[in-house]
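First up is the structure itself, then whatever we jot down about it.
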Amino acid sequence: MQIQKWFQQHKNHIALVSGLLIAGAYGGHWFGLPNGFMNSLLVMASIIGAIPIMLQAYQALKVKVISIDLLVSIAVIGAFIIGEYHESAIVTWLFLFGGFLEQQTLKKTRESIRFLAAMAPQTAVKIVGPDQFKTVAVDEIAVGNQVLVRAGAQVPVDGQVVAGTGYVNEASITGEAQLITKSIGAAVYSGSVVDNGTITVVANQVGDDTAFAKIIELVEDAQDSQSTAERFIDRFATYYTPAVLVLAILIGLVTRDFKLAITILVLGCPGALVIGAPVSIVAGIGNGAKNGVLIKGGEVVNTMAGVDTVIFDKTGTLTQGKMTVAQVTSFTADKNAALAIAAAVERQSDHPLAQAIVTYVAQQSLAATPKITDSQTVKGLGIQAVIGQQTVRIGRAKLLTQAGIVLTQDQMRAIDGAQKAGQSIVLVAIDQQLALLIGVADTLKPDAAEMVTALQQNGVKRLMLLTGDHDQTARNIAQAVGIPEYHANLLPAEKVVFVKKAQAQGQTVAFVGDGINDSPSLATADIGIAMGAGTDVAIETSDIVLMQSTLTELVKAKQLTRRTARNLRQNIVIAIGTVALLLVGLILGKVQMASGMLVHELSILVVILNAMRLIK
1 MQIQKWFQQH KNHIALVSGL LIAGAYGGHW FGLPNGFMNS LLVMASIIGA IPIMLQAYQA
61 LKVKVISIDL LVSIAVIGAF IIGEYHESAI VTWLFLFGGF LEQQTLKKTR ESIRFLAAMA
121 PQTAVKIVGP DQFKTVAVDE IAVGNQVLVR AGAQVPVDGQ VVAGTGYVNE ASITGEAQLI
181 TKSIGAAVYS GSVVDNGTIT VVANQVGDDT AFAKIIELVE DAQDSQSTAE RFIDRFATYY
241 TPAVLVLAIL IGLVTRDFKL AITILVLGCP GALVIGAPVS IVAGIGNGAK NGVLIKGGEV
301 VNTMAGVDTV IFDKTGTLTQ GKMTVAQVTS FTADKNAALA IAAAVERQSD HPLAQAIVTY
361 VAQQSLAATP KITDSQTVKG LGIQAVIGQQ TVRIGRAKLL TQAGIVLTQD QMRAIDGAQK
421 AGQSIVLVAI DQQLALLIGV ADTLKPDAAE MVTALQQNGV KRLMLLTGDH DQTARNIAQA
481 VGIPEYHANL LPAEKVVFVK KAQAQGQTVA FVGDGINDSP SLATADIGIA MGAGTDVAIE
541 TSDIVLMQST LTELVKAKQL TRRTARNLRQ NIVIAIGTVA LLLVGLILGK VQMASGMLVH
601 ELSILVVILN AMRLIK
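Just so you know, we're using full-length UniProt numbering here: the sequence shown kicks off at 1 and counts up by one.
Structure, rendered in structure tokens:
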């Protein structure tokens, strides 16, 4: 058992040594060294390469499976008996090398699970009495306990705010980058981060029942449900191997020609089939890597080629993933002066909306920054400041109305229109007059609409948008890019439900996302596609990574996998067709060992050259 384990662990090294011995043998023959030298190297290559194959054949026989490994093993033994050492060496090396290529292309990591677990909250500040706090492990928090969460800390439980107000970043749960104001009565989730303020939370769900823990569980379950992709050659061998063995035995018994029977085994070993499928996959994956599409395995290629349903997350996928100024409506004569004042005030805040405004104004190359003499934050509403003799208020409409500022009907209509467009509204009032309406939004990627059309032209029949954002924003995004179906206000587990529902309807589903919250859906879908600029968890959980985070790469991935799958089928037909013709020709007496081996090796060259077309 230990010997077998050692050979399996070092199979790739064995393939390398076998290949070097074969190269040495032919190199020696080229330089005129004795045939005995060449044969000794080929014998060593054959024996070294055959051991792990024979061990695999033995293990398969123990469970009553006649595998391709058995066919190769018998062929090698037969080639030894008739003195065809070069054929036995090449057959074993090709088989091992094909396994190496398949192993490399199908390797997938599970580091994402450990990464997720490391991101989960580990400690909590438990309230043990009036003004008494104790830092404890998260596992010590029970339902009904109250915890204090200060600015910069993670919420350790799923619960409800019972005191305080704060801005909370729920990107790890909903995928939305903008901060959400949480006040008394609001729900909060484990793993989210309090960006500003301090809140007291009563625990409703703890430990494995929290939303963040369920994300980890969903990823684990989805990955465990994905069985390791079986190589086509193994499935084919279920029927092919016994057929060739029976044919060789029958021919041997009928003709009493042992060499002919062994020749059938040697020529019947599908070398082109062994190498043809992996080399197509490797060439396709190499092409993808050159063009910014990282494909994580041969099975991924076949599945992606057949995808007919694509489901999108919104933030960072269809959109840029960062807040930018989408609209500025001025109600003052000097718009630039008002913008300069707004930027000066907003520099006092780290809020994403404030930073978007500061960035926008900086791009306008306006005059020097006005000097602020006083400023204060009004929790949950905005900021108030004094510049010279002017009082400036920036924030929500309520901030202005509380200060006695009256908004006109035209101004209310402008606000309503911006909100319907899915924008976050920032109002700027100077000396009791509304000066600016600034709409901030996560803008669409420029290639989004073009991508939707291209996917439909490449066999995708159903497109869907799933987002944790509100309904109006989801509708606007879906309509802008041409996605006919959308669903909003979703948590990660709810997105998974939509993925599974589509799969239950017989659809092959690809999910495209970039956040931690997307990882369950990425793992559950038949194909998970992550943006390269997304989180490590999304990238590790996915099957395909779009390295430049552009949607044009998504179209490339679909087109490339379709071409690769077609090329792979061509190689399979070439390989099986060649073996069939050789066996028929051998039985009819039209093919001899030497000519058969030549055709056999040429078929290997043909499938490799055919696969090489994918590299362009």
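Think of the CB as a built atom: it goes at the ideal place given N, C-alpha and C, for glycine as much as any other residue.
Check                                                                                                                             : Outcome
CA nearest to the CA of residue 439, picked from 206, 326, 61 and 356                                                             : 326
Given residue 365 as reference, the closest of 340, 77, 278 and 26 once Cα atoms are compared                                     : 340
Close-in-space but distant-in-sequence residues of the same chain around residue 15 (CB under 6 Å, 5 per side omitted)            : 96, 97 and 100
Residue 322: first and last residue of the uninterrupted beta strand (DSSP E) it sits in                                          : 319-330
Span of the alpha helix (DSSP H) around residue 345                                                                               : 335-346
Assigned exposure category for residue 299 - 16 Cβ within 10 Å defines buried                                                     : buried
Chain-order list of residues whose beta-carbon lies under 6 Å from that of residue 259 (same chain, five-residue window excluded) : 82
Status (buried if at least 16 other CB within 10 Å, exposed otherwise) for residue 6                                              : exposed
Backbone secondary structure at residue 443 - three-state DSSP                                                                    : strand
Proximity test, residue 212 beta-carbon vs the ligand NAP heavy atom, cut-off 8 Å                                                 : By its list of ligands, the structure shown contains no ligand whatsoever, and the ligand NAP lies outside what it can speak to.
Three-way DSSP call (helix, strand, coil) for residue 602 in this model                                                           : helix
Residue from 374, 124 and 470 with nearest C-alpha to residue 135                                                                 : 124
Buried versus exposed call for residue 210 [16 or more other C-beta atoms within 10 Å across all chains shown]                    : buried
Residue 487, DSSP secondary structure in three states                                                                             : strand
Beta-carbon spacing of residue 21, residue 79 below 9 Å                                                                           : no
Close beta carbons around residue 331, own chain, < 8 Å, minus the five adjacent residues each side                               : 411, 433, 434, 435, 436 and 437
Proximity to residue 204 [Cα-Cα], best of 474, 574, 162 and 501                                                                   : 162
Alpha-carbon spacing of residue 112 relative to residue 282, whole angstroms                                                      : Residue placement at residue 112 cannot be trusted, given a pLDDT of 45 that sits under 50; the coordinates are not used to answer.
Residue 107 (DSSP reduced to helix, strand or coil)                                                                               : Confidence at residue 107 is low in this model, with a pLDDT of 47, below 50, so its placement is unreliable and no value can be given for it.
Rounded distance between the beta-carbons of residue 73 and residue 53, thought under 8 Å                                         : 6 Å
Extent of the continuous alpha helix (DSSP H) to which residue 62 belongs                                                         : 35-62
Per-residue DSSP class, three states only, for residue 508                                                                        : coil
Start and end residues, beta strand (DSSP E) containing residue 167                                                               : 158-169
Helix, strand or coil at residue 82 [DSSP, three-state]                                                                           : coil
Cβ pair residue 459, residue 307 closer than 9 Å                                                                                  : yes
Separation of residue 240 from residue 85, as counted between CA atoms                                                            : 24 Å
Proximity to residue 567 [Cα-Cα], best of 582, 416 and 610                                                                        : 610
Three-state secondary structure (DSSP) of residue 480                                                                             : helix
For residue 604 and residue 292, the rounded distance between their alpha carbons                                                 : 29 Å
Helix, strand or coil at residue 263 [DSSP, three-state]                                                                          : helix
Top-ranked residue by Cα proximity to residue 478, from 315, 254 and 62                                                           : 315
As assigned by DSSP and simplified to three states, the class of residue 373                                                      : strand
Opposing strand residues paired with residue 528 [DSSP bridges]                                                                   : 511
Residue 151 versus residue 166: straight-line alpha-carbon distance, rounded                                                      : 8 Å
Enclosing alpha helix (DSSP H) for residue 567 [first to last residue]                                                            : 551-587
Host alpha helix (DSSP H) of residue 311 (start-end)                                                                              : Segment 309-312 is the beta strand (DSSP E) holding residue 311; no alpha helix (DSSP H) there.
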